[in-house]
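Working notes for the structure below.
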Amino acid sequence: MEEVRVLVVFGTRPEAIKMAPLVKVLERTPGLRPVVCVTAQHREMLDQVLEVFGIKPDYDLDLMKPGQSLAELSVSVLTGLEKVIRSSGCQLVLVHGDTTTAFMGALAAYYSQIPIGHVEAGLRTYDKYAPYPEEMNREFIGRVADLHFAPTVQSGLQLAAENRIANVHVTGNTVIDSLQWTIQEKFNHPLLAKLDKSRKWIFMTMHRRENWGNPMKEVFEAVARIAAEREDVEFIYPVHPNPEIVKLAGEILGGKARIHLTEPLDVVATHNFMARCHFVLTDSGGIQEEAPSLGKPVLVLREKTERPEGVEAGTLRCIGTRTERVYREMAILLDDKEAYRMMSEASNPFGDGYASEHIVQIILEFFDL
Numbered sequence: 199m200e201e202v203r204v205l206v207v208f209g210t211r212p213e214a215i216k217m218a219p220l221v222k223v224l225e226r227t228p229g230l231r232p233v234v235c236v237t238a239q240h241r242e243m244l245d246q247v248l249e250v251f252g253i254k255p256d257y258d259l260d261l262m263k264p265g266q267s268l269a270e271l272s273v274s275v276l277t278g279l280e281k282v283i284r285s286s287g288c289q290l291v292l293v294h295g296d297t298t299t300a301f302m303g304a305l306a307a308y309y310s311q312i313p314i315g316h317v318e319a320g321l322r323t324y325d326k327y328a329p330y331p332e333e334m335n336r337e338f339i340g341r342v343a344d345l346h347f348a349p350t351v352q353s354g355l356q357l358a359a360e361n362r363i364a365n366v367h368v369t370g371n372t373v374i375d376s377l378q379w380t381i382q383e384k385f386n387h388p389l390l391a392k393l394d395k396s397r398k399w400i401f402m403t404m405h406r407r408e409n410w411g412n413p414m415k416e417v418f419e420a421v422a423r424i425a426a427e428r429e430d431v432e433f434i435y436p437v438h439p440n441p442e443i444v445k446l447a448g449e450i451l452g453g454k455a456r457i458h459l460t461e462p463l464d465v466v467a468t469h470n471f472m473a474r475c476h477f478v479l480t481d482s483g484g485i486q487e488e489a490p491s492l493g494k495p496v497l498v499l500r501e502k503t504e505r506p507e508g509v510e511a512g513t514l515r516c517i518g519t520r521t522e523r524v525y526r527e528m529a530i531l532l533d534d535k536e537a538y539r540m541m542s543e544a545s546n547p548f549g550d551g552y553a554s555e556h557i558v559q560i561i562l563e564f565f566d567l
């Protein structure tokens, strides 16, 4: 069989972080040729990751537009990827996770009757609005995928429970692979000059659509209260560029002592600040996997997570967004050494750092290479 062309589709920064190690393994595997297509659902944050990993896309749809709706974005991605699939001559399309790019990439491949591989398959909350729209995106992809690359045993079992028994493979999570590229012993960044190394650093992210408005306001108020009461704590918060988030963060957290609002950080800075922080406060999905791999407790700003393995292992705790609870849970990790030890030393359930190699081996077997 001739060289198999594998179209790797992604568009957001989290997707790029998790697909980049897989692209690098595909590049060095005889018999497989990766063809990279980015939709640029995130533009600047995506480009930062591509630069770190030295990846130059074969196709760049550059679809990011200010204020576009999910429907507008979906149509653009679907029509753009239909043309890419046709012109690339690909024999397999790989999508990641649960973004609009992933959903439309899988749908475009299905319409073209091209096999689909779903990286990070099987994550579920079974609540179609939590997270929104990600939960339904990944369920839809699960209906059409031909290869399901589940990051954990539990996600694989969830697929089996949905009768996706054929071609479900537990591979680990590729985000663990990416840490091999990004963690630096001699890390340097301008923000380090503003931070006091004797204090406990709390690394924070918050951006999810379902948390816009009052949930975000309540979390910010808890953060402001902790910072005001405790001189031994500093917050590092790379603010998502969405104007609503920038405005609210500025109003509640801007100008406060020991709260550092920054532009979005590249993947190297993000991973290295997490590696040096005391704990992480986030509503992100990927960070729930990255931080435990670095031995950091994660307080998840959501009522439920599609990564229950982390909760069961003890590395994650879902705390919602109400001010009093967020404040109380942060205080516990700051004051209770045993509670902190139990979370920071809990076993990481998300893989061994070789997920990309496992996935590529499965692809070779799928094509009898």
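Number 350 in our numbering belongs to position 152 of the sequence shown; there are no gaps in the numbering. Every residue gets a Cβ at the ideal spot worked out from N, C-alpha and C, and that includes glycine.
### Query
So, is L389 buried or exposed, given that buried needs 16 or more other C-beta atoms within 10 angstroms?
Taking the first residue of the sequence shown as 1, we reach residue 389 at position 191. By the C-beta density criterion, L389 is exposed, having fewer than 16 other C-beta atoms within 10 angstroms.
### Task
Please classify K384: does DSSP put it in a helix, a strand, or coil?
Walking along the sequence shown from the start, residue 384 turns up at place 186. Note: K384 maps to coil in three-state DSSP.
### Where S310 falls, given that 16 or more other Cβ within 10 Å makes a residue buried
Position 112 of the sequence shown holds residue 310. Burial call: exposed.
### Task
Can you tell me which of K222, A214, M243 puts its alpha carbon nearest to the alpha carbon of N440?
Position 242 of the sequence shown, counted from the start, is the residue given in the question as residue 440. Of K222, A214, M243, the residue nearest in Cα terms is M243.
#### Entry: Straight-line gap, T210 to D256 (C-alpha atoms, nearest Å)
For the purposes of this step, residue 210 is taken as the residue at position 12 of the sequence shown. For the purposes of this step, residue 256 is taken as the residue at position 58 of the sequence shown. About 16 Å.
### Message
Please tell me whether V366 and P349 are closer than 9 Å, where the distance is taken between their beta carbons.
### Response
As a working note, residue 366 is residue 168 in the sequence shown. As a working note, residue 349 is residue 151 in the sequence shown. Cβ distance not < 9 Å, so V366 and P349 don't count as in contact.
### Task
Locate the beta strand (DSSP E) running through I457, then write down its first and last residues.
Translated into the one-based positions of the sequence shown, residue 457 becomes position 259. Start and end: 457 to 460.
### Query
Nearest to M540 by alpha carbon, out of E200, A426, A511, H316?
Position 342 of the sequence shown holds residue 540. Here the closest residue by C-alpha is A511.
### For P506 and N412, the rounded distance between their alpha carbons
The residue labelled residue 412 in the question sits at position 214 within the sequence shown. The residue labelled residue 506 in the question sits at position 308 within the sequence shown. N412 and P506: Cα-Cα distance of roughly 26 Å.
### Query
Under 9 Å between the Cβ atoms of F338 and F301?
On the sequence shown, residue 338 is found 140 positions in, with the first residue counted as 1. On the sequence shown, residue 301 is found 103 positions in, with the first residue counted as 1. Yes.
### Query
In angstroms, rounded to a whole number, what distance separates the CA positions of R397 and H294?
Looking up residue 397 in the sequence shown gives position 199. Looking up residue 294 in the sequence shown gives position 96. Using only the alpha carbons, I get a separation of about 37 Å.
### Query
Based on Cα-Cα distance, which residue from T297, L220, Q239 lies nearest to Q266?
For the purposes of this step, residue 266 is taken as residue 68 along the sequence shown, with counting starting at 1. Taking only the C-alpha atoms, the option nearest Q266 is Q239.
### Task
Keeping to the same chain, check which residues put their C-beta closer than 7 Å to that of S554; ignore five residues upstream and five downstream.
The residue given as residue 554 occupies position 356 in the sequence shown. Once the five neighbours on either side are set aside, the close Cβ partners of S554 are P219, L220, V223, T372, D375.
#### Entry: Bridge-paired residues (DSSP) for A241
If you number the sequence shown from 1, residue 241 lands on position 43. Note on identity: in this sequence residue 241 is Arg, with Ala being the wrong assignment. Looking at the DSSP output, R241 shares a beta bridge with no other residue.
### Query
In this structure, does DSSP put D375 in helix, strand or coil?
Position 177 of the sequence shown holds residue 375. Here D375 sits in helix by DSSP.
### Query
What separation, rounded to the nearest whole angstrom, lies between the Cα atoms of G354 and I560?
Counting from one through the sequence shown, the residue named residue 354 turns up at place 156. Counting from one through the sequence shown, the residue named residue 560 turns up at place 362. Taking the straight line from one Cα to the other gives about 15 Å.
### Task
Note down, in chain order, each residue of its chain lying with its Cβ closer than 7 Å to the Cβ of H387, except the 5 sequence neighbours on either side.
Walking along the sequence shown from the start, residue 387 turns up at place 189. Counting only residues of its own chain and dropping the five nearest sequence neighbours on each side, H387 has a CB closer than 7 Å to the CB of A467.
### Task
Look at the Cβ atom of L290, then the Cβ atom of F565, and state whether they are nearer than 9 Å.
Indexing the sequence shown from 1 puts residue 290 at position 92. Indexing the sequence shown from 1 puts residue 565 at position 367. Yes, the Cβ-Cβ distance between L290 and F565 is below 9 Å.
### Task
Give the straight-line distance between the Cα atoms of F401 and L567, rounded to the nearest whole angstrom.
Within the sequence shown, numbered from 1, the residue matching residue 401 stands at position 203. Within the sequence shown, numbered from 1, the residue matching residue 567 stands at position 369. Cα to Cα, the separation comes out at about 44 Å.
### For K454, the three-state DSSP class (helix, strand or coil)
Locating residue 454 in the sequence shown gives position 256, where the first residue counts as 1. Looking at K454 - three-state DSSP - the assignment turns out to be coil, as it is neither helix nor strand.
### Task
Reducing DSSP to helix, strand and coil, say where P436 ends up.
Here residue 436 corresponds to residue number 238 of the sequence shown, with the count starting at 1. Strand, per DSSP.
### Query
Can you list the beta strand (DSSP E) stretches of 3 or more residues lying completely in the segment 267 to 306, in chain order?
290 to 294
### Task
Would you mind reading off the limits of the alpha helix (DSSP H) that contains T403?
Within the sequence shown, numbered from 1, the residue matching residue 403 stands at position 205. Where T403 is concerned, there is no enclosing alpha helix (DSSP H), although the beta strand (DSSP E) it sits in stretches over 398 to 403.
#### Entry: Distance CB(L499)-CB(M472) smaller than 9 Å
In the sequence shown, the residue the question calls residue 499 occupies position 301. In the sequence shown, the residue the question calls residue 472 occupies position 274. Result no, Cβ atoms of L499 and M472 do not sit closer than 9 Å.
### Message
In whole angstroms, give me the CA-to-CA distance for Q382 and D344.
### Response
Counting from 1 along the sequence shown, the entry for residue 382 is found at position 184. Counting from 1 along the sequence shown, the entry for residue 344 is found at position 146. Computed Cα separation, rounded: 37 Å.
### Nearest residue (CA-CA) to Y327, options N409, L259, A304, G370
For the purposes of this step, residue 327 is identified with residue 129 of the sequence shown, where counting begins at 1. Taking only the C-alpha atoms, the option nearest Y327 is N409.
### Query
Alpha carbon to alpha carbon, how far is V478 from G549?
For the purposes of this step, residue 478 is identified with residue 280 of the sequence shown, where counting begins at 1. For the purposes of this step, residue 549 is identified with residue 351 of the sequence shown, where counting begins at 1. Roughly 20 Å between the two C-alpha positions.
### Message
Nearest by alpha-carbon distance to F433: which of Q352, G453, A544, I443 is it?
### Response
Counted from its first residue, the sequence shown places residue 433 at position 235. When each option's Cα is compared against that of F433, the closest is G453.
### Cβ distance (whole Å) where A422 is taken to contact L451 below 8 Å
Position 224 of the sequence shown, counted from the start, is the residue given in the question as residue 422. Position 253 of the sequence shown, counted from the start, is the residue given in the question as residue 451. About 6 Å; that satisfies the 8 Å criterion.
### Task
Assign S268 to buried or exposed, taking buried as 16 or more other Cβ atoms, counted over all protein chains shown, within 10 Å of its Cβ.
Sequence index remark: in the sequence shown, residue 268 carries index 70 (1-based). Here the sequence assigns Leu to residue 268, which means Ser is not the residue at that position. Looking at its Cβ environment, which holds fewer than 16 other Cβ atoms inside 10 Å, L268 is exposed.
### Task
Can you grab the Cα-Cα spacing for the pair E416 / G252, in whole Å?
For the purposes of this step, residue 416 is taken as residue 218 along the sequence shown, with counting starting at 1. For the purposes of this step, residue 252 is taken as residue 54 along the sequence shown, with counting starting at 1. If I take the Cα positions, the gap works out to 40 Å.
### Query
Secondary structure at F565, three-state DSSP: helix, strand or coil?
As a working mapping, residue 565 is identified with position 367 in the sequence shown. Residue state, collapsed to three classes: coil.
### Given G370 as reference, the closest of K216, V207, K281, K535 once Cα atoms are compared
What you label residue 370 is simply residue 172 of the sequence shown in a count that begins at 1. Measuring C-alpha to C-alpha distances from G370 to each of K216, V207, K281, K535 identifies K216 as the nearest.
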